[in-house]
Amino acid sequence: MKAYSDLEFLRLNKWQKMLYKLGRFFSSIPKGVAQLFIKLWGLIKNVFLAIGREAKDIVSTFIHGDWKTKVSYLVMGFGCLARGQILRGLLFLLFEIVFIGYMILAGAYWLSMMPSLGKVGPSEVYDEIFDTYVTTYNDNSFKILLYSVLTIFFIIAFIYTWRINIRQNKIAEKILASGKKLKSAKDDLRSVVDDQFHKTLLALPLTGIIVFTVLPIFFMVLVAFTNYDGAHDGYASNLFTWVGLDNFNTMLSWSSAGGTQSYAATFGEILAWTLIWAFFATFTNYFLGMFVAMAINKKGINLKKLWRTILVMTIAIPQFISLLYVSKMFAKDGIVNGFLMGMGWIDKALPFWEDATWARITVIVVNIWIGIPYLMLIATGILMNIPADLYESARIDGANPWQQYTKITLPYMLFITGPYLLTSFTGNMNNFNVIYLLTGGAPTNPAASSASGSVGYTDLLITWLFKITTGAESKYYLASVVGILVFIVVALISLIVYNVLPSIKNEEDFQ
Amino acid sequence: MSETSMKRHMGLRASRAISNTLIYVLLIAISIIWLIPFFCIVLQSFRVESTWQVGYVIPKQWGFDNYVNLFSTDFPRWYVNTFITAVCTALLQTVIVLCMSYTLSRFRFKMRKPLMRFMLILGMFPGMLTMIILYRVLKDLGLTQANATPGLILVYVASSGMGYYVSKGFFDTIPKSLDEAARVDGATRFQVLKKIILPLSKPIVIYTVLTAFMGPWGDFVFARYISFGASAGMNVAVGLYNWLTPDQINKNYTMFCSGGVLVAVPVTLLFLFLQKYYVEGVTGGAVKG
Chain A
431 MKAYSDLEFL
441 RLNKWQKMLY
451 KLGRFFSSIP
461 KGVAQLFIKL
471 WGLIKNVFLA
481 IGREAKDIVS
491 TFIHGDWKTK
501 VSYLVMGFGC
511 LARGQILRGL
521 LFLLFEIVFI
531 GYMILAGAYW
541 LSMMPSLGKV
551 GPSEVYDEIF
561 DTYVTTYNDN
571 SFKILLYSVL
581 TIFFIIAFIY
591 TWRINIRQNK
601 IAEKILASGK
611 KLKSAKDDLR
621 SVVDDQFHKT
631 LLALPLTGII
641 VFTVLPIFFM
651 VLVAFTNYDG
661 AHDGYASNLF
671 TWVGLDNFNT
681 MLSWSSAGGT
691 QSYAATFGEI
701 LAWTLIWAFF
711 ATFTNYFLGM
721 FVAMAINKKG
731 INLKKLWRTI
741 LVMTIAIPQF
751 ISLLYVSKMF
761 AKDGIVNGFL
771 MGMGWIDKAL
781 PFWEDATWAR
791 ITVIVVNIWI
801 GIPYLMLIAT
811 GILMNIPADL
821 YESARIDGAN
831 PWQQYTKITL
841 PYMLFITGPY
851 LLTSFTGNMN
861 NFNVIYLLTG
871 GAPTNPAASS
881 ASGSVGYTDL
891 LITWLFKITT
901 GAESKYYLAS
911 VVGILVFIVV
921 ALISLIVYNV
931 LPSIKNEEDF
941 Q
Chain B
57 MSETSMKRHM
67 GLRASRAISN
77 TLIYVLLIAI
87 SIIWLIPFFC
97 IVLQSFRVES
107 TWQVGYVIPK
117 QWGFDNYVNL
127 FSTDFPRWYV
137 NTFITAVCTA
147 LLQTVIVLCM
157 SYTLSRFRFK
167 MRKPLMRFML
177 ILGMFPGMLT
187 MIILYRVLKD
197 LGLTQANATP
207 GLILVYVASS
217 GMGYYVSKGF
227 FDTIPKSLDE
237 AARVDGATRF
247 QVLKKIILPL
257 SKPIVIYTVL
267 TAFMGPWGDF
277 VFARYISFGA
287 SAGMNVAVGL
297 YNWLTPDQIN
307 KNYTMFCSGG
317 VLVAVPVTLL
327 FLFLQKYYVE
337 GVTGGAVKG
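Protein chains in written order, with the numbering used here: chain A, 431 to 941; chain B, 57 to 345.
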């Protein structure tokens with residue numbers, strides 16, 4: 431699209447300006463995506479370059495190093511021990527011994543089983559003495575996969591430590607060559623609370639994240655390439671095994687069976703609703719919350735604190751209580767319908783949760799009720815920071831309140847809360863609580879029920895994932911595929927917004 | 057003052073009065089809408105004449121029956137479970153989150169940026185997926201079903217380091233010159249944290265404790281998955297949810313209301329008491345993200 435100069439731009443009328451901006455926005459998307467891939471390519475290239483540099487350094491350290499360094503390539507920590515850094519040397523050595531011991535005793539076995547995920551399933555053997563069939567359990571696919579993943583992580587950790595061990599030697603040689611003294615064990619201990627304090631602080635949180643988030647995610651990504659489900663739990667029923675890309679083919683194929691929708695169609699419908707939901711949930715809350723904040727902040731309004739406290743109080747009440755209760759309030763025989771019928775305004779209960787469109791709108795409306803207090807707090811904080819003289823001078827120039835809002839308040843808010851809007855959008859895409867506690871996904875979509883679990887019109891991808899997992903067949907592999915697809919969607923949206931937004935933002939800045 | 061400007065002045069004043077009245081009406085309406093569900097839940101918890109859902113709000117017969125009946129169910133057990141989880145999570149999670157956020161705010165090391173980016177990407181994975189494997193592993197350790205409480209604490213605390221954003225935003229606002237001055241005087245990094253930063257961080261510590269304490273009271277998915285089927289290991293959210301399933305609701309609806317009141321009242325009081333810190337945390341840190 432043709433870019434106008436500033437002068438040309440100013441000559442356009444309001445609508446042309448808007449169209450121009452919209453056009454610029456959409457025409458900048460391909461460029462943004464292209465830049466994204468260039469960046470990704472650069473990232474991959476850098477990783478390989480870094481590995482290359484490391485390899486070169488390892489080799490050159492070996493060639494130029496003394497014999498202590500050379501022995502350290504085989505016996506970790508030898509260089510440290512030989513140079514008198516006993517504590518460090520022992521730690522390295524200990525790690526190597528533990529690693530080799532583990533690999534011999536267990537690691538090698540798990541890795542050797544990884545390609546097959548177990549060969550012998552549970553078998554029933556007739557027991558003559560007790561006259562019954564006795565099940566013997568043999569291989570356990572789940573454990574094999576889990577421990578081989580652990581082993582891989584351990585090997586990576588070992589390689590990393592080995593690399594540090596070599597670098598230590600190089601540094602020690604350099605220090606000794608320049609005639610200085612090496613750090614003693616006492617210095618090392620002091621550095622734990624000083625120079626290296628960040629490592630001490632991060633040790634615990636990062637261990638937790640690696641063990642309880644990174645490992646499980648890695649594991650679950652692998653599950654997407656297996657047939658792990660209720661009938662193949664890898665131990666008691668049947669072993670599970672690698673199936674390649676079959677599950678992705680199932681999920682993304684348009685062929686349907688048994689008169690019901692294909693997985694791809696179901697996925698597409700749920701994804702569309704997820705995006706619509708996230709859009710409305712984010713922006714209704716955002717603008718209405720801002721509006722309420724402005725109303726409370728307005729000059730001449732008394733009892734500001736009271737209004738705020740009433741709203742803030744509702745944040746404190748655990749969501750499951752308020753959501754479950756509100757869900758029952760809107761039920762067919764609930765308070766809302768009871769009240770409306772009692773007043774004689776309607777004579778048949780309104781289908782708040784029974785009709786697809788009604789349910790979707792009700793969910794969004796209730797979500798406003800949930801979200802406004804929080805947004806009100808955020809908006810209040812920001813609005814108070816807008817310099818008052820901006821409004822003063824706007825008033826002198828004769829700007830009406832609406833103009834003040836669109837020219838000052840809104841751009842300021844958008845500028846500050848841009849990143850927040852993005853996280854809140856992706857957060858809403860995965861807003862399990864609101865949907866599950868309000869509707870449980872209902873009303874059911876009869877056409878889609880062939881996919882595991884009963885899929886409803888208000889189901890988000892995340893609640894669908896939950897239903898697949900807890901459904902009768904427990905198709906974990908399918909849940910894993912959905913999870914990966916959710917990740918891809920969220921990552922794509924975030925990347926595009928991050929890459930496209932700044933160019934738009936700069937345009938807004940000078941107004 | 058000329059006559060026209062007087063008129064204009066009075067016109068302005070009148071229009072301001074009208075708009076303020078409108079806003080008052082609006083605010084009162086909002087307050088009613090926001091409070092009415094809680095008002096209803098309290099009223100219905102005192103209803104004696106029937107235990108199922110009815111279309112009216114004000115009880116025909118008042119009494120404490122629902123509250124008394126709670127004690128013949130597993131509710132006290134759920135309450136204790138949740139309380140223990142909340143206290144332990146609040147303490148441990150605060151330590152972890154503060155370690156993480158303080159480090160990422162104050163130290164400049166080579167892996168800092170990659171680490172933050174990595175955690176951002178990690179957060180895009182639906183965390184729910186991990187509960188399949190966590191459940192199997194915790195089950196092998198004997199930390200599910202009736203023993204779900206320690207398992208749940210472990211799960212909450214272990215990955216809490218990823219929620220460092222708000223407190224990092226706070227630490228970013230403490231001037232770095234304070235650290236540097238102390239370092240020049242020979243303090244170690246640990247002493248800087250203990251003697252200088254922590255005393256300044258009271259608001260964010262309280263904010264972190266408060267949010268960590270409130271989390272377990274509302275958590276539903278993980279708690280349900282891990283305590284699967286075993287009433288003794290449930291938390292209040294899971295237990296009370298089961299009272300509203302179609303085959304239970306007629307028996308237990310009013311008891312759900314009374315249980316809900318017993319959960320909400322202490323949490324809300326604590327929250328209102330510490331409201332100031334919560335507001336500071338949200339307005340200060342949440343936006344910077």
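Every residue gets a Cβ at the ideal spot worked out from N, C-alpha and C, and that includes glycine.
Quantities reported herein were computed from a predicted structural model and do not represent experimental measurements.
C-alpha gap between residue 715 of chain A and residue 797 of chain A, whole angstroms: 8 Å
DSSP-derived helix/strand/coil call for residue 608 of chain A: coil
Beta-carbon neighbours of residue 323 of chain B, restricted to chain A and to distances below 9 Å: 746, 747, 748
Separation of residue 829 of chain A from residue 854 of chain A, as counted between CA atoms: 32 Å
Between the CA atoms of residue 117 of chain B and residue 636 of chain A - distance to the nearest angstrom: 56 Å
Residue 667 of chain A burial status per 10 Å Cβ neighbour count (16 or more: buried): exposed
Cβ neighbour criterion (16 or more within 10 Å) applied to residue 166 of chain B: exposed
Strand pairing of residue 373 of chain A, partner residues [DSSP]: Coverage of chain A is limited to positions 431 through 941, which leaves residue 373 of chain A absent and any answer about it impossible.
Minimum Cβ-Cβ distance from residue 938 of chain A to chain B less than 7 Å: Reliability fails at residue 938 of chain A, whose pLDDT of 45 lies under 50, so the model's placement of it is uncertain and the value that follows must be treated cautiously. By this cut-off, residue 938 of chain A is not an interface position.
Helix, strand or coil at residue 656 of chain A according to DSSP, with G and I counted as helix: strand
Chain A contacts made by the stretch 91-107 of chain B, where a contact means CB separation under 8 Å: 91, 93, 94, 96, 97
Within 7 Å, strictly: CB atoms of residue 893 of chain A and residue 857 of chain A: no
Three-state secondary structure assigned by DSSP to residue 449 of chain A: helix
Alpha carbon of residue 215 of chain B to alpha carbon of residue 313 of chain B, nearest angstrom: 33 Å
For residue 556 of chain A, the three-state DSSP class (helix, strand or coil): strand
Beta-bridge pairing of residue 564 of chain A - partner residues as DSSP gives them: A:555
8 Å contact criterion, which residue 891 of chain A and residue 912 of chain A should meet: CB distance rounded: 6 Å
Exposure of residue 346 of chain B, with buried meaning 16 or more beta-carbon neighbours within 10 Å: Because chain B is modelled from 57 through 345, residue 346 of chain B falls outside the range shown and cannot be assessed.
Interface partners of residue 856 of chain A on chain B, CB under 9 Å: 179, 180
Residues of the stretch 310-322 of chain B whose Cβ lies closer than 8 Å to any Cβ of chain A, in chain order: 312, 313, 316, 319, 320
Cut-off 6 Å between Cβ atoms - residues of its own chain near residue 933 of chain A, not counting five sequence neighbours on either side: Residue placement at residue 933 of chain A is flagged as unreliable, the pLDDT there being 46, under the threshold of 50; the coordinate-derived value follows with that caveat. 458.
Sequence-distant residues of the same chain with beta carbon closer than 8 Å to residue 346 of chain B, five excluded per side: Lying outside 57 to 345, the shown extent of chain B, residue 346 of chain B is not represented and no answer is given.
Close Cβ partners of residue 327 of chain B (< 8 Å) along its chain, the five nearest in sequence each way excluded: 266, 270, 334
N- and C-terminal bounds of the alpha helix (DSSP H) containing residue 410 of chain A: Absent from the model: residue 410 of chain A. The displayed extent of chain A is 431 to 941, so no value can be given.
Cα-Cα separation, residue 129 of chain B to residue 300 of chain B: 15 Å
Contacting residues, own chain, Cβ-Cβ under 8 Å from residue 144 of chain B (five flanking each side not counted): 209, 213
Presumed contact (8 Å Cβ cut-off) between residue 186 of chain B and residue 681 of chain A, rounded CB distance: No, residue 186 of chain B and residue 681 of chain A are not in contact; Cβ-Cβ is about 20 Å, not under 8 Å.
Ranges of the alpha helix (DSSP H) found wholly within the stretch 100-134 of chain B, counting only runs of at least 4: 121-126
Contact under 7 Å by Cβ, residue 788 of chain A with residue 782 of chain A: yes
Any 3 or more C-beta pairs closer than 8 Å across the stretch 761-781 of chain A and the stretch 107-125 of chain B: yes
Cutoff 7 Å: residue 805 of chain A Cβ touching any chain E Cβ: The chain labelled as chain E is not found among the protein chains of the depicted structure, namely A and B.
Secondary structure of residue 874 of chain A, DSSP reduced to three states: strand
Rounded Cβ spacing between residue 155 of chain B and residue 523 of chain A (contact assumed at less than 8 Å): Not confirmed; about 29 Å, so no contact.
Three-state secondary structure (DSSP) of residue 638 of chain A: helix
Neighbourhood of residue 437 of chain A by C-beta, 8 Å cutoff - its chain only, sequence neighbours within 5 removed: none
Whole runs of the beta strand (DSSP E) within the stretch 707-793 of chain A, excluding any shorter than 3 residues: none
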